[in-house]
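K.L.:
Position 2 (the sequence shown) corresponds to -3 in the numbering used here; numbering is contiguous.
Right, I'll just put the structure down here and ask away after.
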Amino acid sequence: MNLQRFLVVAVLGSALAAPAFAGITGSVSPSFGSHNYRGVNADVSLDLGRHLYVEPMLSTYRDDFSSGPYYNAHLRVGYDFGPLSLGVVGGVVPKHQGYSQGSFGADATFSLSPAGTSRSRRMAGPSSQGNQTFGYGLAGVDIGASAVRVMHSDDYYASGTGDNSVQPGALRAKAYKLNETDLSAFAGAKFLLIELSAQVTKSVYDKKIDVAGVRPAPVLSLTNFGGIESGYPESSYNVKAKISMLPLVHPYASYTHTNFELGVPSSNAAEIGGVVGLNMLSVRASVGRYTQKGYSNRNYVAVGAALNF
């Protein structure tokens, strides 16, 4: 699949279909980290009316172990109506170093105390990935669930352990295929200046993973963490807290714990950062740390900006 064509068609097609009053939000966030990690996260959200919107998203990274960049492109279509948010998403990781990935899924979020607006960002789940998730009034509660199917394909055996485990080893006679289903439940609550959210995810696979010779998936996005990691997750949970301390500044802290298949040790990912809102423009910055026994610790720094108009 031509990645550039995927993104261009998604954005242009949305623009042609959008009415004159559509709202647009776009953001770009480059990141840097250990082992010469360089990544970029970019997304566009385009309102197609009072309730319908589309969100093309692209992330890419490279480091000392990737021998070039991995790309991860997604397109999400969302529908907001009163207290309910619905979404469907599809994504693709084009083949690099023998590995490729496809995915599709759906999510639903219900607000127990709706603001009465036709379009509002949620505090947890896929609908919270925009640049403003400040709840409504003095209190609000969101609950939801999602299901995502991920199709992995790998042409190579594993070549080693630890940091080198994602590098390709011997070429397989036939590509290794594995299907993963991620089932998530999430909730968010806001009272006065504090917004809390949590998400738990269970991953199930269509067959038992052969520990011998299977290398970890080299593209793994963690909830509320800027760095792209690797592995086949078994389960994970995330907690996040955000404080509206000042009118323009919203600091936050996030923690994600992940258990893995293949006998790989569990990991801990922590991130702190903040968002400064300047009406049409918001600026964000964060620092993160990823630790996993048997692997070197990794640190990340990200900066970014979003424009709303």
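Where is the CB? At the ideal position from N, CA and C, for every residue including glycine.
For SER73, which residues of its own chain have a beta-carbon under 6 Å away from its beta-carbon, when the five flanking residues on both sides are left out?
P.N.:
Within the sequence shown, the letter at position 78 stands for residue 73. Residue identity check: residue 73 is Gly in the sequence provided, not Ser. Excluding sequence neighbours, GLY73 sits near TYR48, GLY82.
K.L.:
Are the beta-carbon atoms of TYR232 and THR251 separated by less than 9 Å?
P.N.:
Within the sequence shown, residue 232 is the residue found at index 237, counting from 1. Within the sequence shown, residue 251 is the residue found at index 256, counting from 1. Going by C-beta atoms, TYR232 is nearer than 9 Å to THR251.
K.L.:
Here's a check: name, in chain order, each residue in its chain whose Cβ is nearer than 6 Å to the Cβ of GLY18, leaving out the five neighbours to either side.
P.N.:
Translated into positions along the sequence shown, residue 18 becomes position 23. ASP42, listed in sequence order.
K.L.:
Note down the Cα distance separating THR156 from GLN162, rounded to an integer number of angstroms.
P.N.:
In the sequence shown, the residue the question calls residue 156 occupies position 161. In the sequence shown, the residue the question calls residue 162 occupies position 167. Going by the C-alpha atoms only, they are around 9 Å apart.
K.L.:
Which class does VAL143 belong to by DSSP, given the choice of helix, strand or coil?
P.N.:
For this step, residue 143 is matched to residue 148 along the sequence shown. Three-state DSSP puts VAL143 in a strand.
K.L.:
Straight-line CA distance for PRO51 to SER40?
P.N.:
Position 56 of the sequence shown, counted from the start, is the residue given in the question as residue 51. Position 45 of the sequence shown, counted from the start, is the residue given in the question as residue 40. Those two C-alpha atoms are separated by around 7 Å.
K.L.:
In this structure, what does DSSP give as the bridge partners for SER54?
P.N.:
Your numbering for residue 54 matches position 59 in the sequence shown. Partner(s): ASN36, ASN67.
K.L.:
Do you know how far the Cα of ALA212 is from the Cα of ARG57?
P.N.:
Within the sequence shown, the letter at position 62 stands for residue 57. Within the sequence shown, the letter at position 217 stands for residue 212. Going from the Cα of ARG57 to the Cα of ALA212 covers about 14 Å.
K.L.:
With which residues is ASP149 paired in a DSSP beta bridge?
P.N.:
In the sequence shown, counting from the first residue as 1, residue 149 sits at position 154. ASP149 is bridged to TYR94, TYR171.
K.L.:
Could you spell out where the beta strand (DSSP E) holding THR253 opens and where it closes?
P.N.:
In the sequence shown, counting from the first residue as 1, residue 253 sits at position 258. Start and end: 244 to 255.
K.L.:
State the CB to CB distance for the pair GLY28 and ASN294, rounded to an integer number of angstroms; the pair is presumed to be in contact (CB under 8 Å).
P.N.:
The sequence position of residue 28 within the sequence shown is 33, counting from 1. The sequence position of residue 294 within the sequence shown is 299, counting from 1. About 6 Å separates the two Cβ atoms, so the contact holds.
K.L.:
Tell me whether the beta-carbon of ASN36 lies closer than 9 Å to the beta-carbon of GLY269.
P.N.:
One-based indexing of the sequence shown puts residue 36 at position 41. One-based indexing of the sequence shown puts residue 269 at position 274. Contact flag unset, no.
K.L.:
So for PRO211, helix, strand or coil by DSSP?
P.N.:
Numbered from 1 along the sequence shown, position 216 holds the residue referred to as residue 211. The answer is coil: DSSP assigns PRO211 none of H, G, I, E or B.
K.L.:
Within the same chain, show all residues whose beta-carbon is closer than 6 Å to that of ASN292, passing over the 5 residues directly before and after it, in chain order.
P.N.:
As a working note, residue 292 is residue 297 in the sequence shown. So the list reads THR286, once near-sequence residues are dropped.
K.L.:
Which same chain residues end up closer than 7 Å to VAL88 when comparing Cβ atoms and leaving out the 5 residues on each side of it in sequence?
P.N.:
In the sequence shown, counting from the first residue as 1, residue 88 sits at position 93. These residues qualify, in order along the chain: TYR65, TYR66, ASN67, SER95, GLN96, VAL214.
K.L.:
Kindly indicate which three-state DSSP category ASN159 falls into: helix, strand or coil?
P.N.:
Looking up residue 159 in the sequence shown gives position 164. Helix.
K.L.:
Given this structure, state the Cα-to-Cα distance separating VAL145 from LEU243, to the nearest angstrom.
P.N.:
Start at 1 with the first residue of the sequence shown, and residue 145 comes out as number 150. Start at 1 with the first residue of the sequence shown, and residue 243 comes out as number 248. Spanning the two alpha carbons is a distance of roughly 38 Å.
K.L.:
Hey, ARG210 and ALA264 are a contact pair by Cβ (cut 8 Å); roughly how many whole angstroms apart?
P.N.:
Here the question's residue 210 lines up with position 215 in the sequence shown. Here the question's residue 264 lines up with position 269 in the sequence shown. Their Cβ separation, rounded to whole angstroms, is 21 Å, which puts ARG210 and ALA264 out of contact at 8 Å.
K.L.:
Determine the DSSP secondary structure at PRO78, reduced to helix, strand or coil.
P.N.:
Position 83 of the sequence shown, counted from the first residue, corresponds to residue 78. Three-state DSSP puts PRO78 in coil, outside helix and strand.
K.L.:
Anyone know if the C-beta pair for GLU229 and ASP201 falls short of 9 Å?
P.N.:
Reading the sequence shown from its first residue, position 234 is the one you call residue 229. Reading the sequence shown from its first residue, position 206 is the one you call residue 201. No, these two residues do not count as a Cβ contact at 9 Å.
K.L.:
Determine the extent of the beta strand (DSSP E) in which LEU302 is found, giving its start and end residues.
P.N.:
In the sequence shown, the residue the question calls residue 302 occupies position 307. 293 to 303 is the extent of the beta strand (DSSP E) around LEU302.
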